[in-house]
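Written below as structure tokens is the structure these notes are about.
Residue numbers (this note's numbering), protein chains in the order written: chain A, 1 to 303; chain B, 1 to 214.
Here it is, written out as structure tokens:
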């Protein structure tokens, strides 16, 4: 199915691109709505045929994987859900993979969000990942959802010295001091790894500036591709690793699947999305080339 | 109920996508509902998180009366709605600007200036300072040279006190190429981001709604 789908996808895309190229050589313009339809097709056909490609973790992704993997069992890992539904298709695979990996390794996981929408997304992750795949994990012992607090980077500026100045209870109103997972936790400095998943403000950059750097706490993250180039300068000193866009998510999922056979059948949206993503990129690259051809043809015609 | 939610989501997804054809009533309806729901969601969220969670609960349960100063500043901010005494709102605004600048100046300077400069000043051919020459891997050496040359020539391009001619002009040209390549990489990532969102919606339509894929 995968090969047949790939052939059909290439045929559809190839025929479309050929038509665009002929139009360009003739110096004719293409109605923008035709381009929209074509992009829609280039994305839809690979989705319908479930086309996937093999993924291998790049060093910047592997660094995050290795960090979680090499932390001693029972380490404290904080995952901050700094995104909303509009960014979810791209970054949710990352946060789910981090959560899955951390729990599989036996770490204690603290969920929170600097975005208001992150609170409900964290709750969804608990239902869809923790309850389904790790039914033995106990809330308040193995994981906790601290929820959202308003204040953006100001929240980090406070909890770097004292978490309880911001969080008196968890998201459900349970006193933090009554939860065993909070024993010995005074501030972010007691965490072994901070992970932010998002792509806007506040996000990974703020975690580096207001928590990682001042507290000398390792920070890793997953970012929407649009923000990833702005975060690369922090790697590897201030940011130990980064999952940039859906490609990063797919690489992480592949790494996880390779080392944890029990995750072979769990949903891998990152890997699944890389098929249409790859073909859509090929189309965009072809568009850039065809657009340039069209430009030079038009310029020659003008004399 | 779940089926109803899926159909509703499909209705809104297609309604928003319909704008690609042209502006239409379906799109406008979806847009208006989205704006209205967003405004309501944020109002409720901010009320319960800020006014109730961070202010009222702390005053009543923890007796943290220092928060009354913040609340007063907040009320003063609202005075801009009364034009004759609207000038009072400048005071809390000044406080916010000053506090934010103070908060940022230290962390931003430390993280984005000091550490970034430190990381750019690295040995070209060694793994780290003090290591023998050429101890770094070829991959790292190329990377180090690109970072050092790219940063330097990029800065040269923005130095306008000297005419961009001769060797200096050559370096400025390399600088602008470096910047253009950076923009290109950024554009590539932006395409990936936008495509991911489109793929997400298409996956929903073909999978959750139409049930054509598993």
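Just so you know, even glycine gets a beta-carbon here, dropped at the ideal spot from N, CA and C. Please read all numbers here as calculations on a predicted model, not as lab measurements.
* **Spatial distance of residue 275 (chain A) from residue 4 (chain A) (CA atoms)** => Within the first chain, the letter at position 275 stands for residue 275 (chain A). Within the first chain, the letter at position 4 stands for residue 4 (chain A). Their Cα atoms are separated by approximately 14 Å.
* To do: Please name the residue, chosen from A:169, A:43 and A:69, that lies closest to residue 258 (chain A) on a Cα-to-Cα basis.
  => As a working note, residue 258 (chain A) is residue 258 in the first chain. Looking at the Cα atoms, A:69 is the closest of the given residues.
* CB contact flag (residue 107 (chain B), residue 214 (chain A), <9 Å) -> Here the question's residue 107 (chain B) lines up with position 107 in the second chain. Here the question's residue 214 (chain A) lines up with position 214 in the first chain. Judged by their CB atoms, residue 107 (chain B) and residue 214 (chain A) are nearer to each other than the 9 Å cut-off.
* Asked: Roughly how many angstroms lie between the CA atoms of residue 81 (chain B) and residue 115 (chain A), to the nearest whole one?
  -> The sequence position of residue 81 (chain B) within the second chain is 81, counting from 1. The sequence position of residue 115 (chain A) within the first chain is 115, counting from 1. It is roughly 28 Å from the alpha-carbon of residue 81 (chain B) to the alpha-carbon of residue 115 (chain A).
* State the start and end residues of the unbroken alpha helix (DSSP H) segment that holds residue 33 (chain B). => Position 33 of the second chain, counted from the start, is the residue given in the question as residue 33 (chain B). 25-46 is the extent of the alpha helix (DSSP H) around residue 33 (chain B).
* Using the beta-carbon of each residue, which ones in chain B are nearer than 7 Å to residue 284 (chain A)? -> Within the first chain, numbered from 1, the residue matching residue 284 (chain A) stands at position 284. Those within 7 Å of residue 284 (chain A) in chain B are 191.
* To do: Going by CA-CA distance only, name the one from A:129, A:80 and A:278 that's closest to residue 197 (chain A).
  => Counting from 1 along the first chain, the entry for residue 197 (chain A) is found at position 197. Checked all of A:129, A:80 and A:278; the closest Cα to residue 197 (chain A) is A:80.
* For residue 171 (chain B), I'd like the list of residues in its chain whose CB is within less than 7 Å of its CB, leaving aside the five on either flank, ordered along the chain. => The sequence position of residue 171 (chain B) within the second chain is 171, counting from 1. Around residue 171 (chain B), the same chain offers 153 and 156 as residues with beta carbons nearer than 7 Å, after the five sequence neighbours per side are excluded.
* To do: Pull out every residue of the region 47-73 of chain B whose Cβ sits closer than 7 Å to any Cβ of chain A, in chain order.
  => 49, 50 and 54
* Asked: Are the Cβ atoms of residue 127 (chain B) and residue 137 (chain B) separated by less than 9 Å?
  -> By 1-based counting over the second chain, the position of residue 127 (chain B) is 127. By 1-based counting over the second chain, the position of residue 137 (chain B) is 137. Yes; because the gap between Cβ atoms is below 9 Å, this pair is in contact.
* To do: Please report the Cβ distance between residue 211 (chain A) and residue 217 (chain A), rounded to the nearest whole angstrom; I am assuming they are in contact, meaning their Cβ atoms lie under 8 Å.
  => Counting from one through the first chain, the residue named residue 211 (chain A) turns up at place 211. Counting from one through the first chain, the residue named residue 217 (chain A) turns up at place 217. With a Cβ gap of about 6 Å, residue 211 (chain A) and residue 217 (chain A) count as contacting.
* To do: Just mark residue 303 (chain A) as buried or exposed, buried being the case when its beta carbon has 16 or more other beta carbons within 10 Å.
  => In the first chain, residue 303 (chain A) corresponds to position 303, counting from 1. Its Cβ having fewer than 16 others within 10 Å, residue 303 (chain A) is exposed.
* Asked: Taking the continuous beta strand (DSSP E) assigned at residue 220 (chain A), which residues delimit it?
  -> Looking up residue 220 (chain A) in the first chain gives position 220. It spans 219-223 - the beta strand (DSSP E) in which residue 220 (chain A) sits, taken as one unbroken run.
* Any 3 or more C-beta pairs closer than 8 Å across the region 136-156 of chain A and the region 167-187 of chain A -> yes
* **Separation of residue 64 (chain A) from residue 189 (chain A), as counted between CA atoms** => Indexing the first chain from 1 puts residue 189 (chain A) at position 189. Indexing the first chain from 1 puts residue 64 (chain A) at position 64. If I take the Cα positions, the gap works out to 19 Å.
* To do: Go to residue 243 (chain A), then tell me how far its beta strand (DSSP E) extends in each direction, as first and last residue.
  => Along the first chain, read from residue 1 onward, the residue named residue 243 (chain A) stands at position 243. Unbroken beta strand (DSSP E) run through residue 243 (chain A): 241-244.
* Name the chain A residues that come within less than 7 Å of residue 45 (chain B), Cβ to Cβ? -> Here the question's residue 45 (chain B) lines up with position 45 in the second chain. Ordered by position in chain A, the residues that pass the 7 Å Cβ test against residue 45 (chain B) are 116.
* To do: Could you check what DSSP says for residue 33 (chain A) in three-state terms: helix, strand or coil?
  => Looking up residue 33 (chain A) in the first chain gives position 33. Looking at residue 33 (chain A) - three-state DSSP - the assignment turns out to be helix.
* Asked: Is DSSP giving residue 122 (chain B) helix, strand or coil here?
  -> Residue 122 (chain B) sits at position 122 when you count from the first residue of the second chain. Coil at residue 122 (chain B), not helix or strand.
* Are residue 243 (chain A) and residue 101 (chain A) closer than 9 Å when you measure CB to CB? -> One-based indexing of the first chain puts residue 243 (chain A) at position 243. One-based indexing of the first chain puts residue 101 (chain A) at position 101. No. Outside cutoff.
* **Which of helix, strand or coil DSSP assigns to residue 142 (chain A)** => Within the first chain, residue 142 (chain A) is the residue found at index 142, counting from 1. Correct three-state label for residue 142 (chain A): coil.
* Beta-carbon neighbours of residue 186 (chain B), restricted to chain A and to distances below 7 Å -> As a working note, residue 186 (chain B) is residue 186 in the second chain. In chain order: 229.
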